[in-house]
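In this note's numbering, the protein residues as written are 25 to 109.
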């Protein structure tokens, strides 16, 4: 690894990691743009954009997709298990 003028090895390594993260972020964004939108995700976004939508609308969409419901429960349980007390 070559030294960047004025930076120590740790700062140089940190800068390199940040650059790699940005490259990865750009690649992920390019791939996501090319994906067809998931109909369930589109419906959820529509409900979330509507300030007058009832929470039951969101519940109906989520319960209509068992895989999505399971993933939400996993995330919720993960968040509960990792909260700071």
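Just so you know, even glycine gets a beta-carbon here, dropped at the ideal spot from N, CA and C.
Owing to the predicted nature of the structure, the values given are computational and were not obtained by experimental measurement.
Between the CA atoms of residue j and residue i - distance to the nearest angstrom
{"i": "residue 71", "j": "residue 87", "result": "14 Å"}
{"i": "residue 75", "j": "residue 48", "result": "34 Å"}
{"i": "residue 69", "j": "residue 62", "result": "11 Å"}
{"i": "residue 35", "j": "residue 50", "result": "23 Å"}
Residue i: CB within 7 Å of a non-hydrogen atom of the ligand FMN
{"i": "residue 33", "result": "As presented, the structure is devoid of all ligands, the ligand FMN included, so that no description of it is given."}
Where residue i sits in the DSSP three-state scheme
{"i": "residue 62", "result": "coil"}
{"i": "residue 93", "result": "helix"}
{"i": "residue 103", "result": "helix"}
{"i": "residue 39", "result": "helix"}
{"i": "residue 75", "result": "coil"}
Proximal residues to residue i (C-beta, below 8 Å), its chain only, five neighbours per side dropped
{"i": "residue 90", "result": "none"}
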